[in-house]
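For reference, the structure discussed in these notes is given below.
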Amino acid sequence: MTHHVDDQVARWARREPLLALLSRAARGVLLPEEGSLLRATVETELAAAELSETRHRERFARVREISDAMARTAAARSHRRWWRRRKH
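Heads up, the sequence shown is in our numbering, so the first residue is 18 and it goes up one at a time.
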């Protein structure tokens with residue numbers, strides 16, 4: 018969870034300068050060095066978004082694995098109880 022909070026803090030820290038750069042680009046007053054900075058910032062945001070999506074998919078897959086394992090355990094317990102009652 019710490020990674021998530023740190024990532025969000027970093028993203029919010031980049032957001033205001035990004036908005037300023039985009040505003041300057043929209044007005045047509047972006048300097049060449051600002052263009053490079055804008056590109057680097059957008060690439061960083063894209064990479065952060067992809068990493069976040071990957072982490073989300075991994076967590077979702079892990080939750081599904083745990084859920085499936087719990088369901089198999091519950092089914093096995095139920096079957097054992099049924100089998101014991103059948104024997105008596």
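Idealized CB from N, CA, C, for every residue including glycine.
* Asked: Out of curiosity, what's the CA-to-CA distance linking Leu38 and His20?
  -> Here residue 38 is taken as the residue at index 21 of the sequence shown, counted from 1. Here residue 20 is taken as the residue at index 3 of the sequence shown, counted from 1. Distance between the alpha carbons of Leu38 and His20: 27 Å.
* To do: Take every Cβ of the segment 47 to 56, pair it with every Cβ of the segment 79 to 88, and state whether three or more of those distances are shorter than 8 Å.
  => Touching, no, given that fewer than three Cβ pairs across the two stretches are closer than 8 Å.
* Asked: In terms of alpha-carbon separation, which member of Leu47, Ala65 and Gly45 lies closest to Val26?
  -> Residue 26 sits at position 9 when you count from the first residue of the sequence shown. Put simply, of Leu47, Ala65 and Gly45 the residue whose alpha carbon is nearest the alpha carbon of Val26 is Ala65.
* Distance, Leu36 Cα to Asp23 Cα -> Position 6 of the sequence shown, counted from the start, is the residue given in the question as residue 23. Position 19 of the sequence shown, counted from the start, is the residue given in the question as residue 36. Cα to Cα, the separation comes out at about 20 Å.
* Just how far apart, CA to CA, sit Val59 and Arg81? -> Stepping through the sequence shown from its first residue, residue 59 is reached at position 42. Stepping through the sequence shown from its first residue, residue 81 is reached at position 64. Rounded to the nearest angstrom, the two C-alpha atoms are 33 Å apart.
* Asked: Which residues mark the beginning and the end of the alpha helix (DSSP H) in which Leu48 is found?
  -> Position 31 of the sequence shown, counted from the start, is the residue given in the question as residue 48. Neither: Leu48 is in no alpha helix (DSSP H) and is coded neither H nor E.
* Asked: Once you ignore the five residues that flank Ser69 on each side, which residues in its own chain have a CB closer than 6 Å to its CB?
  -> On the sequence shown, position 52 is the one that residue 69 refers to. Around Ser69: no qualifying Cβ.
* To do: Just the C-alpha distance for Leu48 and Ala42, rounded to the nearest angstrom, thanks.
  => Position 31 of the sequence shown holds residue 48. Position 25 of the sequence shown holds residue 42. For Leu48 and Ala42, the distance between alpha carbons rounds to 9 Å.
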